Structures are given as structure tokens and as C-alpha cells.
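Under my numbering, the first residue of the sequence shown is numbered 1, with each subsequent residue one higher. Where is the CB? At the ideal position from N, CA and C, for every residue including glycine. Keep in mind the model is a prediction, meaning the values are calculated, not measured. One structure is given below, encoded as C-alpha cells.
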Amino acid sequence: MILGCAEFAVPGDRLEDKLRVLESREMWLELVNDGIDEKRLKGILGVLPSFNTSIMSVQAYLQHDLRMLSAKDRDRKAAVRHVEETIKIASKVGAQNVVAVVTYGEPTINNPMEKCIDIFRRFGELGEKLDVTISIEALSKDRTTFLPSMPEVYGLVRDVGSDHVRLMADTMHIFNNGEDVAETIGKHASEIMEIQLRDTDSRPPGKGNIDFAPVSKVIWENFNGLTCLEYHPGLNPRADFDSALEFVAKTIFAAR
1 MILGCAEFAV PGDRLEDKLR VLESREMWLE LVNDGIDEKR LKGILGVLPS
51 FNTSIMSVQA YLQHDLRMLS AKDRDRKAAV RHVEETIKIA SKVGAQNVVA
101 VVTYGEPTIN NPMEKCIDIF RRFGELGEKL DVTISIEALS KDRTTFLPSM
151 PEVYGLVRDV GSDHVRLMAD TMHIFNNGED VAETIGKHAS EIMEIQLRDT
201 DSRPPGKGNI DFAPVSKVIW ENFNGLTCLE YHPGLNPRAD FDSALEFVAK
251 TIFAAR
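Laid out in C-alpha cells, this is it:
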């Protein structure tokens, strides 16, 4: 298993610094699209060849603020455009995956399920053209009222019916829903494109209340997709990063 890490969790001020850290650990990067424009994308593409580190996934990060299921046409279009731009960025940087969500909060549009299926089918068509998979992150009940669990998002994925639209699992969200993390991941392992590892309160793995031993066992035995660290670093990002890697290495080794 080759581990990745979300851009904001990798220590370093510049992209070059982060890529250097990941290269030294033989890891890959999950790029964060927080509004990447053409100039910044050109810079990313210029830096990448200098490092033996791949960008395997890209987050449609502005979805934290954009609402794809808003009753306002302008808001919906902005959210859809952001995900489509993220898919195109992923294709250009050589990433195979885009992390997207259905919606934070509560949908205000009529027939949200019907609209959601249509939108993700559209994403799937673009993903097929560009050879990028769109992974739908299952949020928890404290983040959304609409499809807040992995089984519900799995139902959406089935309704969309595209090989380029799959599940994404976040260990913290599963735990916050009161579900067994290892059991939930194991049940859907064949449909999951990416698993994000983070502990409670968005802390590094091993710093919260999640038991990662059975989770690591399921990942090692049943999962063939992308595995990525995704947490919010504290005052010492380097210490958090090193601690997370040491913890994951120990739990994965014990699971073998």
C-alpha cells in the first residue's frame, strides 16, 4: 500500500516543500483545488517533473462553501462548474481521482435526489472522457441532512450507474455516524475508490477515539484503492505528520 496525504496536512510552506517531504517518504499527494487558476496550474505542472511524487487525487475543496443542490440556479451552476474544473485539473496533473461531496447542510432544491443523479451522471461522462474517477465522499449527520451515510451514498452511486463515479470513505465521518468503521468499509470495499484516514475532531490517526487496528486489517486484506491521510494539523505540522505515519505504519504492520 502506497500512502497519500492531503496537501494541507503535509508540512511545508510551498508545494515544492511538500513534494520533497512526500518524495522522501515515497508517498503521493492529494491536491486541494481551493480555486486553482491557470497561472497556478501552470506552476504546479512546472514543478511536478522535478520530483518523484505523483498527484493521485484532487479535492473539489470549494464544495465546503458551494451548494450543488441549492434552489438558486446561480449557486448550483457555480458548484457544478467547480467540480468539473477539478476533474479537468485532475486530468492535467495525471490524477486518477477527484473527491467530491453531494452537499453540506440541507438541499433547498425540489427533487434533490433526481437532480443529484443527473449531476453526477454528467460528472461521470466527463470523467470517462478524461479517465478520471469521481469519488463521492459520504459525510456524517453533523455535516449534512441529505444522504449522510455510506449506505445512502452507495445507493446514489448505483443509481448514477457510471464506472467513473464511486464511493469515498472518511473514517471520521463513519465514526461520527455511530457506525462501526471497519465493518462499514469492509462491506463496501469493492466500491470504494479512496479511503481518507483521520481521527475524531479531524486529528491525525492515533490522536483520537477511533480504533484503527480493525480498520487497517480491512484495508490490508480487502481494499485495493487509494489510502490517504486527511486531517487538520495543529501547531506543529511536522510532528503531526511524523506521528501519523508512525501510527499508520504500526497498525498496518500489525494487520499483516
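- Message: Just list the residues that DSSP pairs Asp170 with in beta bridges.
- Response: DSSP output for Asp170 lists Gln196 as bridge partner(s).
- Item | Separation of Leu167 from Glu191, as counted between CA atoms | Their Cα atoms are separated by approximately 6 Å.
- Spatial neighbours of Gly208 within its chain, please: CB distance less than 7 Å, with the 5 preceding and 5 following residues excluded, ordered by chain position. The beta carbon of Gly208 sits closer than 7 Å to those of Asp199, Thr200, Asp201, all from its chain and outside the five residues before and after it, given in chain order.
- Can you list, in chain order, the stretches of the alpha helix (DSSP H) that have 4 or more residues and sit fully within the region 59-110? Correct list: 73-93.
- Item | Ser149 in three-state terms, based on DSSP | Residue state, collapsed to three classes: coil.
- My understanding is that Asp131 touches Ser91, with C-beta atoms under 8 Å, so please give their C-beta distance in whole angstroms. Contact between Asp131 and Ser91 holds, since their C-beta atoms are separated by about 7 Å, short of 8 Å.
- Taking the Cβ atom as the reference point for each residue, do Ile257 and Ile87 lie within a distance shorter than 8 Å? The chain is shown from 1 up to 256; residue 257 falls before or after that span and cannot be answered.
- Query: When burial is assigned at 16 or more other CB atoms within 10 Å of the CB, is Ser24 buried or exposed?
  - Reply: Exposed.
- Message: Does Leu31 come out as helix, strand or coil in the three-state DSSP assignment?
- Response: Under the three-state reduction of DSSP output, Leu31 falls in the strand class.
- Message: Let me make sure I understand the geometry here. Which of Ser140, Glu152, Asp240 has the alpha-carbon closest to that of Ile174?
- Response: Ranking the options by Cα distance to Ile174, first place goes to Ser140.
- What is the C-beta distance between Val10 and Phe241, in whole angstroms, given that I count them as a contact (C-beta under 8 Å)? The Cβ separation is near 7 Å, so the contact holds.
- Residue range of the alpha helix (DSSP H) that includes Ala182: Looking at the DSSP string, the run of the alpha helix (DSSP H) that includes Ala182 is 181-188.
- Item | Buried versus exposed, by CB contacts within 10 Å (16 or more), Asn224 | It is exposed - the Cβ of Asn224 has fewer than 16 other Cβ atoms within 10 Å.
- Three or more C-beta pairs closer than 8 Å, one from the region 42-53 and one from the region 64-83: is that the case here? Result no; under three Cβ-Cβ pairs closer than 8 Å.
- Message: Taking 8 Å as the threshold (C-beta atoms), are Glu84 and Gln59 in contact?
- Response: It is not a contact, given that the beta carbons lie outside the stated cut-off.
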